[in-house]
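Trainee:
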Amino acid sequence: MKQAFRHIKYLLCTAPALGLPDYKLPFHLYVAESGLVASAVLAQTHGDKLRPVAYYSKTLPLIVQGMVLCLRAVAAAAIMVQKAQTIVLGHPLTLHTTHSVNIILLNITTQHMTNNSQLLMMT
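Per numbering that gives the first Met the number 0, the sequence shown starts with residue 0, numbered consecutively.
(1) Using only alpha-carbon positions, find the residue among Asn106, Ile102 and Thr96 that is nearest to Phe4.
(2) For Lys57, does the three-state DSSP call read helix, strand or coil?
(3) Work out the CA separation of Leu10 and Pro20 for me, nearest whole Å.
(4) In or out: Leu88 buried (at least 16 other Cβ within 10 Å) or exposed?
(5) Among the residues of its own chain, which have a CB less than 8 angstroms from the CB of Arg71, if the five just before and after it don't count?
(6) Between which two residues does the beta strand (DSSP E) holding Thr85 run?
(7) If you draw a straight line from the C-alpha of Arg50 to the C-alpha of Ile7, how long is it?
(8) Is Leu61 buried or exposed, if buried means 16 or more other CB atoms sit within 10 Å of its CB?
(9) So the candidates are Leu17, His45, Gly46 and Tyr29; which of them puts its Cα closest to the Cα of Ala76?
(10) Does the beta-carbon of Met0 have 16 or more other beta-carbons within 10 angstroms, so that it is buried, or is it exposed?
(11) Suppose you measure from the CA of Thr85 to the CA of Cys69; what does that come to, to the nearest Å?
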């Protein structure tokens, strides 16, 4: 996973850096978080490789920065999915993260997030 993310970051530095979105193809969103910042690469297949369509980066809100690692990953993924919607426009999107975000959301029993926060992450 990390190798694929590094490869996509490398591709951003080579021409052409970003491709135009093809709405006939599904999108792939690769999300990483460092504790303070969430970053993501939105990509689509181009031949037998992935071509970046957009790159996103955002400082995580203070409340998210204070969460435990697995919940921070969920919040970062939710934030990046929302940012990517300006290009994805509701088309099929596969989320790639270092954590199993769906398992965390479906089995969450924690005092770290309110019910409203959990609902926001799941929509």
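All C-beta atoms in this analysis are idealised placements derived from N, C-alpha and C, irrespective of residue type, glycine included.
Mentor: On the basis of the supplied data:
(1) Here residue 4 refers to the residue found at position 5 when the sequence shown is read from its first residue. Nearest C-alpha to Phe4: Thr96.
(2) Position 58 of the sequence shown, counted from the first residue, corresponds to residue 57. Three-state DSSP puts Lys57 in a strand.
(3) Within the sequence shown, the letter at position 21 stands for residue 20. Within the sequence shown, the letter at position 11 stands for residue 10. Each residue's Cα considered, the two are about 16 angstroms apart.
(4) What you label residue 88 is simply residue 89 of the sequence shown in a count that begins at 1. So Leu88 counts as exposed.
(5) Locating residue 71 in the sequence shown gives position 72, counting from the first residue. Counting only Cβ-Cβ distances below 8 angstroms, and skipping sequence neighbours, we find Glu32, Gly34, Leu59, Val63 and Gln64.
(6) Reading the sequence shown from its first residue, position 86 is the one you call residue 85. Run containing Thr85: none in the beta strand (DSSP E); it sits in the alpha helix (DSSP H), Leu68 to Val87.
(7) Start at 1 with the first residue of the sequence shown, and residue 50 comes out as number 51. Start at 1 with the first residue of the sequence shown, and residue 7 comes out as number 8. About 8 angstroms.
(8) What you label residue 61 is simply residue 62 of the sequence shown in a count that begins at 1. The residue is exposed, with fewer than 16 neighbouring Cβ atoms inside 10 Å.
(9) Position 77 of the sequence shown, counted from the first residue, corresponds to residue 76. Per the Cα distances, Tyr29.
(10) Residue mapping note: residue 0 aligns to position 1 of the sequence shown, counting from 1. With fewer than 16 other Cβ atoms within 10 Å, it is exposed.
(11) As a first step, residue 85 must be located in the sequence shown, where it is residue number 86. As a first step, residue 69 must be located in the sequence shown, where it is residue number 70. Their Cα atoms are separated by approximately 26 angstroms.
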